[in-house]
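In case it helps, the numbering used here puts the sequence shown at residues 9 to 266.
The beta carbon of each residue, even a glycine, is placed where N, CA and C say it ideally should be.
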Amino acid sequence: MRIALIVEYEGTGYSGLQYQANAPSIQEELEKAIERLTGENVRITASGRTDAGVHARGQVVSFLTESRHPPYTFLRALNHYLPEQIAVCAAYRVGDGFNPRRDALSRVYAYTLYVSAVRAPLVRRTTYRVGGPLDADRMRRGAELFEGEHDFAQFAGPLQEPGASTVRRIIGTAVRSCGNMVMIEIEGNAFLPHMVRRMAGALVDIGLGKMSMEDLEAMIDRRPGAQISRALPARGLSLERVRYAGFPPEDGEQHGDI
């Protein structure tokens, strides 16, 4: 049978989701926990890779298993074996053809900023501190320029496949502020390497008054002479949720609060 998990993790100290031979990864920890429960050496499939230091609130992974444990057992047992930085929030039995990456309709990422002239030790692992005041309304207007289908080459890091298409569709954006916190939320059908971190970098420059709307439009339109956006640090980025048709299933779902 195939089991699907919704996983939350703090990416600090990990090389990212994907397994690497010489560095700790989220994938390695999940597969080790599954092996301790089932005795099987499985390989998980994830909705998307997250880079070193990036977090997740709603990563979706799945794997095939010969065990007959119900989803509830996977939920409880894996959380027993996993380190405290990683938690299984829900477990489901799904069809053998379910693929978290291929079947995803969209992904929602959030970048969290802490606006203060003084550093904040308690949130330093999950936010990026901005020293000057941010104009959130101006950032919202800037974020709206990203919506729709564009060539995001100016916002991409090195591509895994040189020459691959850099066209992506942004479904929606939001900029929310509460106290010292400002959160940039971006939903898209897919993302390029470092794309959200570079989009957030441009919006911070918009909010600080260091970049004009015309400059941002030039970057999005790839006009001659347009600059390439800077990438903000990984620690402020989180994969919030992944949207599917028919997942999570209505029947048989298991949550951490049961």
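For residue i, the first and last residue of its enclosing beta strand (DSSP E)
{"i": "Glu157", "result": "Gly156 to Asp159"}
{"i": "Ile94", "result": "Ile94 to Val102"}
Proximity test, residue i beta-carbon vs the ligand COA heavy atom, cut-off 7 Å
{"i": "Asp143", "result": "The ligand COA is absent from the structure shown, which contains no ligands of any kind."}
Bridge-paired residues (DSSP) for residue i
{"i": "Arg137", "result": "Tyr122"}
{"i": "Arg65", "result": "The partner list for Arg65 (beta bridge, DSSP) is empty, contrary to what the question assumes."}
{"i": "Leu72", "result": "Arg10"}
{"i": "Ser220", "result": "For Ser220, which the question treats as bridged, DSSP gives no partner whatsoever."}
{"i": "Val15", "result": "Gln67 and Val96"}
{"i": "Tyr117", "result": "Ile194 and Leu247"}
{"i": "Asp8", "result": "Absent from the model: residue 8. The displayed extent of the chain is 9 to 266, so no value can be given."}
{"i": "Gly176", "result": "In the sequence as presented, Gly is not what sits at residue 176; that position holds Arg. DSSP output for Arg176 lists His158 as bridge partner(s)."}
Reduced DSSP category for residue i - H, G, I as helix; E, B as strand; rest coil
{"i": "Ile266", "result": "Caution applies to Ile266, whose pLDDT of 39 falls short of 50 and renders its modelled position unreliable; the value that the coordinates give is listed next. Three-state DSSP puts Ile266 in coil, outside helix and strand."}
{"i": "Thr53", "result": "strand"}
{"i": "Glu261", "result": "The predicted model places Glu261 with a pLDDT of 49, which falls under 50 and marks its position as unreliable; any figure quoted below should be read in that light. Three-state result, Glu261: coil."}
{"i": "Ala29", "result": "coil"}
{"i": "Thr20", "result": "coil"}
{"i": "Leu38", "result": "helix"}
{"i": "Phe82", "result": "helix"}
{"i": "Ala144", "result": "helix"}
{"i": "Glu225", "result": "helix"}
{"i": "Ala242", "result": "helix"}
{"i": "Thr181", "result": "strand"}
{"i": "Glu248", "result": "strand"}
{"i": "Arg149", "result": "helix"}
{"i": "Arg127", "result": "coil"}
{"i": "Arg44", "result": "helix"}
Distance between beta carbons of residue j and residue i, contact taken as under 8 Å
{"i": "Ser114", "j": "Glu195", "result": "5 Å"}
{"i": "His202", "j": "Gly165", "result": "3 Å"}
{"i": "Val102", "j": "Leu13", "result": "With a Cβ gap of about 10 Å, Val102 and Leu13 do not count as contacting."}
{"i": "Glu37", "j": "Ile94", "result": "6 Å"}
{"i": "Ile34", "j": "Tyr17", "result": "6 Å"}
{"i": "Val62", "j": "Gly21", "result": "That pair is no contact at about 12 Å."}
{"i": "Met221", "j": "Thr120", "result": "23 Å between Cβ atoms; not a contact."}
{"i": "Thr81", "j": "Ser70", "result": "Not quite, the Cβ-Cβ distance comes to about 16 Å (not below 8 Å), so this is no contact."}
{"i": "Tyr122", "j": "Ala128", "result": "5 Å"}
Endpoints, the alpha helix (DSSP H) within which residue i is located
{"i": "Val190", "result": "Per DSSP, Val190 belongs to no alpha helix (DSSP H); it is in the beta strand (DSSP E), Met189 to Gly196."}
{"i": "Ala253", "result": "Note, Ala253: premise wrong, no alpha helix (DSSP H); not H, not E."}
{"i": "Ile214", "result": "Met203 to Gly215"}
Does the region 134-145 come within contact of the region 227-235, defined as at least 3 CB pairs closer than 8 Å? Output reads no: the region 227-235 does not touch the region 134-145.
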